[in-house]
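Chains as they are written, first to last, in our numbering: chain A, 300 to 540; chain B, 300 to 540; chain C, 300 to 540; chain D, 300 to 540.
Number of protein chains: 4
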Amino acid sequence: MLNSDIPGRKSLTDSKRPSMRQTKKSGDRFAKEPKQTRSRESLERLLTSAAKLLTEKKYSDFTLQEVSKVSNVSIGSIYNRFKGKDDLVRQIQQREVERMDIDSAVMINNLRRQQLPLRQLMPAVVHGFAEFLRKYRGILRALMEIAIVDEVVADTGRKHSVQNIGDYEKLLLECRDEITQPNPERAVNFVFRLVYASLSRYLGLGTVDESLEEGDWETLLDDLSDVSLHYLLGNPDQIRE
Amino acid sequence: MLNSDIPGRKSLTDSKRPSMRQTKKSGDRFAKEPKQTRSRESLERLLTSAAKLLTEKKYSDFTLQEVSKVSNVSIGSIYNRFKGKDDLVRQIQQREVERMDIDSAVMINNLRRQQLPLRQLMPAVVHGFAEFLRKYRGILRALMEIAIVDEVVADTGRKHSVQNIGDYEKLLLECRDEITQPNPERAVNFVFRLVYASLSRYLGLGTVDESLEEGDWETLLDDLSDVSLHYLLGNPDQIRE
Amino acid sequence: MLNSDIPGRKSLTDSKRPSMRQTKKSGDRFAKEPKQTRSRESLERLLTSAAKLLTEKKYSDFTLQEVSKVSNVSIGSIYNRFKGKDDLVRQIQQREVERMDIDSAVMINNLRRQQLPLRQLMPAVVHGFAEFLRKYRGILRALMEIAIVDEVVADTGRKHSVQNIGDYEKLLLECRDEITQPNPERAVNFVFRLVYASLSRYLGLGTVDESLEEGDWETLLDDLSDVSLHYLLGNPDQIRE
Amino acid sequence: MLNSDIPGRKSLTDSKRPSMRQTKKSGDRFAKEPKQTRSRESLERLLTSAAKLLTEKKYSDFTLQEVSKVSNVSIGSIYNRFKGKDDLVRQIQQREVERMDIDSAVMINNLRRQQLPLRQLMPAVVHGFAEFLRKYRGILRALMEIAIVDEVVADTGRKHSVQNIGDYEKLLLECRDEITQPNPERAVNFVFRLVYASLSRYLGLGTVDESLEEGDWETLLDDLSDVSLHYLLGNPDQIRE
DNA sequence: TATGAATGAGACTTCATTCAT
DNA sequence: CATGAATGAAGTCTCATTCAT
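This is how it looks when you write it as structure tokens:
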């Protein structure tokens, strides 16, 4: 299914940017059709429409024919800009991941600035991260599905995810002194994975919920903060006999 | 998209019902065993191969053509036994779910018999449930993917899941007295969902792991037990200011 | 689903009457299961069910699989008795055509006995023939459809039809003296074909009505009698200038 | 059975609609003719071959595979232009019906212009209508067969037929004064249906001829004129006792 | 470059017919 | 003879990709 030629996700579009194009129909009045602009516009339309379709459909229902129709960009043009379906999807992922990284960075920075103690930071992180996931729920779900069959998408997703989680963990570790667990790094990492897993499951990222949705979002967030604090601040003796 | 047709395992039983009447006990001990045997064998081959392919591939790459080739059962035969692709998948789900239910029941019963205190029960439950998920990892992943597009599969999976989780929760609630949380039912339910979500994510159920696999399985299980006990046995005051 | 056993008022079942049947569960002492009888019964069931299905469906939806299911006769048995689908259909045609011939003969004989003048005979013939067609409408429609692709069925149908029509014409020609047309044979033949064509069209024999059904059956019959009499009894001069 | 989808000739017009905006009158006289030409040619080939196959075969033997082969247009292209088999057939019907309507209108107009008395008009109408049916015999037979299973085709055919017949009746009713029947409208309507039924039957429209073909076409036409005139101009007393 | 018609492999499904039991 | 599981050719339809204009 995959063309398996893992292009190297970058240069393709970059190389197009500086090139100077000429209007095709230079015979009509206004010779200087700003081709580059039109081109950019249609590329933008293409990526936006494609991303939208991706979030709305199962991947197996995501067809270039529909992308072409919805974005008003011809099939031929799509193939001029991308090597094929896989390539298009990878470029979309790039774009979305970059967007998410900025979003995430801004949010983490805001939290850091507040210098909160762990008891307040943890709920803030949980809520912030939850909102983040919720905001990108659609595209994340789609990308995770694609990652099943496209190793490049899987890799990119993995890297982005690791980095993103790492940022949150660093933030939490700024309260290292409050943590009672013997190995704060490990504890924070574990706790954050717990949060990530629960939220993902609740949001149906990476497929359907098999049993959830019955709960309440806000309650879940509070519970997650709670359980995290219990773990990070708890007395280890409690669970010993 | 779906053929919308509750399975009902028609073909399966049809082959057993003699279409012409015939004295029920017509003297000969062995009814027409040979035919049924051959038939049964190929049905077995079919279901086994199909289940195997299902766990190995994306659902959109799961084709009857390949099932036919691998199982050495002709396309026509598949359609003699099942109403179509959807029906085949649903029958496979039935078979697997029944198998899991038995497995699960046995395990829970063994745990219950030991009458453990929560401090020991929790790790036992986590390990037991984790082994369970790990054992059925392949088919669960496949079924979850299918559930996205097949409401019948989704329903069946949901019901099975809810019931399964409920059994574990009931077991944990037999230690209700040890739990310090004000609402033990809620607490146990939350904790179990936490465990479920984490394990699912680690095992890549419901899609790929985007960030995991780096951890260690046993460590994860211990951590999950730990965090659960911290929450269930912890002092609520710890997390207040 | 359909037990459909409509004995079939004919020799087939008659032959059963004198035969001595055995209680099915007679301890199977008596080896002599009247095989012929069982065989005949299932053949009867087969033909009846098949004829019924034929009248209810488009020919392309008429499958041996369904015939087998509905008649409770195995596919294998069907192939033991008939060379294939075509042969089955031809045998059904034979059976139905014979039935129709008898029906038709009886009716014509009744009409002949009454020795009516043309003015009364014509309406009687029209009504009689119309009822006849209406009675066999279903099977006739099916057979006409099949005749498109099966020359044997077409031939048989043609022969039967010609003979049937011929009988009616002979009946009408017994009033030859009243007919004012120069060539009574031709006139009667033409008139009868007119009637046949109109009735067939109304009944949707040989496909759909494209425009009819708006009229009223009884009115049509009266009109047909009328027009026929006008033609047969009319003054040829009327239509000359 | 049917795809249930009103045609709407989507694909046909789609190809004409430029997907990218472009000044409507961009200066160049000839829009992109060459492409459209090639496209048009293959569409023409497609429709012509398909219509031909339709008239030559039973509908159940009319396969897109063969259409593709005969017209030298790939299966995919057929699906680019039509929604499916049903849609293709409906488009063919549209095309043919429009052609017939024009043909019919011209002929009726010519007849009307001559201002003939009924004695001459009737034969002219019969001959004209007969020629019309004969000319479109093939496609009409095919469409009638399809109408059995495709309600859209049935509707379209019905509407066209009703309108066509109505035009002939209006023409005949311009000689209303000559008709001796008490209700000229009814009489003309009946007579025309008689003619239609007889001709259809003779031509094997709506299935095979079961008994005909033996007659002579010209004789049939004369007879139909005759019988019609006898009815329309006859003395009602003749058929009373 | 842009366009979109054309292509064809391949998926699902049906059903007449064969054949081992 | 009866049985019905098994077969596979053939049909409809989809969609990534190519290519002439």
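Note that CB positions come from ideal geometry on N, CA and C, so glycine has one too. Every value quoted in this text rests on a predicted model; they were computed, and no experiment measured them.
In angstroms, rounded to a whole number, what distance separates the CA positions of D:Ser527 and D:Ser376?
The residue labelled residue 527 of chain D in the question sits at position 228 within the fourth sequence. The residue labelled residue 376 of chain D in the question sits at position 77 within the fourth sequence. So the alpha carbons of these two residues sit roughly 50 Å apart.
Cβ of D:Val526 less than 7 Å from any chain C Cβ?
Translated into positions along the fourth sequence, residue 526 of chain D becomes position 227. Cβ-Cβ to chain C under 7 Å: yes for D:Val526.
Could you spell out the range, first to last residue, of the alpha helix (DSSP H) harbouring A:Pro422?
Numbered from 1 along the first sequence, position 123 holds the residue referred to as residue 422 of chain A. It spans Leu417 to Lys434 - the alpha helix (DSSP H) in which A:Pro422 sits, taken as one unbroken run.
Check whether chain D comes within 7 Å of C:Phe489, counting only Cβ atoms and requiring the distance to be less than that.
On the third sequence, position 190 is the one that residue 489 of chain C refers to. With 7 Å as the cut-off, C:Phe489 counts as an interface residue toward chain D.
Counting C-beta neighbours from all protein chains within 10 Å, is the total for D:Gln462 16 or more, i.e. buried, or is it exposed?
For the purposes of this step, residue 462 of chain D is taken as the residue at position 163 of the fourth sequence. D:Gln462 should be labelled exposed.
Using a Cβ cut-off of 7 Å (strictly closer), state whether A:Ile305 contacts chain B.
Working through the first sequence from its first residue, we reach residue 305 of chain A at position 6. The pLDDT assigned to A:Ile305 is 36, lower than 50, so where the model puts this residue is not dependable; a value taken from the coordinates is nonetheless given after this. Not closer than 7 Å to any Cβ of chain B, the Cβ of A:Ile305 fails to qualify, so no.
Thinking just about the alpha-carbon of each residue, which of D:Glu484, D:Arg418 and D:Tyr467 is nearest to the one in D:His529?
Against the fourth sequence, residue 529 of chain D aligns to sequence position 230. That would be D:Arg418, whose Cα lies nearest to the Cα of D:His529.
Compute the Euclidean distance between the alpha carbons of D:Ala453 and D:Ile438, then round it to the nearest angstrom.
Taking the first residue of the fourth sequence as 1, we reach residue 453 of chain D at position 154. Taking the first residue of the fourth sequence as 1, we reach residue 438 of chain D at position 139. One C-alpha to the other measures close to 14 Å.
Three or more C-beta pairs below 8 Å linking the region 372–387 of chain C and the region 343–350 of chain C
yes
Within 10 angstroms of its Cβ, does C:Glu450 collect 16 or more other Cβ (buried), or is it exposed?
The residue you call residue 450 of chain C lines up with position 151 of the third sequence. Exposed is the call here.
Taking the straight line between their C-alpha atoms, what separation do you get for C:Val490 and D:Met443?
As a first step, residue 490 of chain C is located in the third sequence; it is residue number 191 there, counting from the start. As a first step, residue 443 of chain D is located in the fourth sequence; it is residue number 144 there, counting from the start. The alpha-carbon atoms of C:Val490 and D:Met443 are separated by roughly 26 Å.
Name, going along the chain, the residues of the region 446–476 of chain C whose beta-carbon falls closer than 7 Å to a beta-carbon of chain D.
Ala446, Ile447, Val448, Ala453, Gly456, Arg457, Ser460, Val461 and Ile464
What does B:Leu353 reach in chain A if we use C-beta pairs closer than 7 Å?
Within the second sequence, numbered from 1, the residue matching residue 353 of chain B stands at position 54. What B:Leu353 touches in chain A: nothing, since even the nearest Cβ is about 13 Å away.
What first and last residue would you give for the alpha helix (DSSP H) that runs through B:Ser460?
The residue given as residue 460 of chain B occupies position 161 in the second sequence. Counting along the chain, the alpha helix (DSSP H) containing B:Ser460 begins and ends at Glu450 to Leu472.
Is A:Leu520 closer than 7 Å to A:Ala404 when the C-beta atoms are compared?
Looking up residue 404 of chain A in the first sequence gives position 105. Looking up residue 520 of chain A in the first sequence gives position 221. Going by C-beta atoms, A:Ala404 is not nearer than 7 Å to A:Leu520.
Go to B:Tyr530, then tell me how far its alpha helix (DSSP H) extends in each direction, as first and last residue.
By 1-based counting over the second sequence, the position of residue 530 of chain B is 231. B:Tyr530 -> alpha helix (DSSP H) spans Trp516 to Leu532.
What are the residues in the region 405–427 of chain A lying within 7 Å of chain B by C-beta distance?
Arg418
Check whether the Cβ atoms of B:Val366 and B:Leu352 lie closer than 7 Å to each other.
Residue numbering aside, residue 366 of chain B sits at position 67 when the second sequence is read from its first letter. Residue numbering aside, residue 352 of chain B sits at position 53 when the second sequence is read from its first letter. The answer is yes: Cβ separation under 7 Å.
Does DSSP put A:Asn482 in a helix, in a strand, or in coil?
For the purposes of this step, residue 482 of chain A is taken as residue 183 along the first sequence, with counting starting at 1. Coil at A:Asn482, not helix or strand.
Closer than 9 Å, Cβ to Cβ, to anything on chain C: give me those residues from the region 357–377 of chain D, in chain order.
Lys357, Tyr358, Ser359 and Asp360
Would DSSP call D:Thr354 helix, strand or coil?
The residue given as residue 354 of chain D occupies position 55 in the fourth sequence. Helix, per DSSP.
Pick from B:Thr455, B:Met421, B:Lys356 and B:Met406: whose alpha carbon is nearest that of B:Arg389?
The residue given as residue 389 of chain B occupies position 90 in the second sequence. Considering only alpha carbons, the answer is B:Thr455.
At 7 Å on the CB atoms, spell out the chain B contacts of A:Asp522, in chain order.
Stepping through the first sequence from its first residue, residue 522 of chain A is reached at position 223. Near A:Asp522 (Cβ distances below 7 Å), the residues of chain B are Phe489.
A:Arg398 at chain B interface by Cβ criterion, 7 Å
If you number the first sequence from 1, residue 398 of chain A lands on position 99. Judged by the 7 Å Cβ criterion, A:Arg398 is not in contact with chain B.
Under 8 Å Cβ to Cβ from D:Arg411, same chain only, skipping five residues before and after it: list those, please.
Taking the fourth sequence and counting its residues from 1, one reaches residue 411 of chain D at position 112. Counting only Cβ-Cβ distances below 8 Å, and skipping sequence neighbours, we find Leu470 and Glu473.
Could you have a look at C:Val396 and say whether DSSP puts it in helix, strand or coil?
Taking the first residue of the third sequence as 1, we reach residue 396 of chain C at position 97. C:Val396: helix per DSSP, three-state reduction.
Residues of chain C with CB under 7 Å from D:Tyr435, in chain order?
On the fourth sequence, residue 435 of chain D is found 136 positions in, with the first residue counted as 1. Those do not exist, as D:Tyr435 stays about 13 Å from chain C at its closest Cβ, beyond 7 Å.
With C-beta atoms as the reference, is A:Arg541 less than 7 Å away from A:Pro483?
The first residue shown for chain A is 300 and the last is 540, placing residue 541 of chain A beyond what the model contains.
Are the C-beta atoms of A:Ser338 and some chain B residue less than 7 Å apart?
Position 39 of the first sequence holds residue 338 of chain A. Not one chain B Cβ lies under 7 Å of A:Ser338.
Simplified DSSP assignment, three categories, for A:Glu372:
For this step, residue 372 of chain A is matched to residue 73 along the first sequence. The amino acid occupying residue 372 of chain A in the given sequence is Val; Glu does not appear at that position. Correct three-state label for A:Val372: coil.
Would you grab the beta carbon distance between A:Ile391 and A:Ala446 for me? Rounded to a whole angstrom, and I think it's under 8 Å.
Translated into positions along the first sequence, residue 391 of chain A becomes position 92. Translated into positions along the first sequence, residue 446 of chain A becomes position 147. That belief does not hold up - the Cβ atoms of A:Ile391 and A:Ala446 are roughly 13 Å apart, past 8 Å.
Can you tell me which of the three DSSP states A:Leu504 falls into?
For the purposes of this step, residue 504 of chain A is taken as residue 205 along the first sequence, with counting starting at 1. Looking at A:Leu504 - three-state DSSP - the assignment turns out to be coil, as it is neither helix nor strand.
B:Lys382 - DSSP class collapsed to helix/strand/coil:
Residue numbering aside, residue 382 of chain B sits at position 83 when the second sequence is read from its first letter. Note: B:Lys382 maps to coil in three-state DSSP.
Cβ-Cβ distance between C:Ser524 and C:Met406 below 7 Å
Taking the first residue of the third sequence as position 1, residue 524 of chain C is located at position 225. Taking the first residue of the third sequence as position 1, residue 406 of chain C is located at position 107. In this structure, C:Met406 does not lie closer than 7 Å to C:Ser524 by Cβ.
Buried or exposed: A:Arg500, going by 16 or more other Cβ atoms within 10 Å of its Cβ?
Taking the first residue of the first sequence as 1, we reach residue 500 of chain A at position 201. The residue is buried, with at least 16 neighbouring Cβ atoms inside 10 Å.
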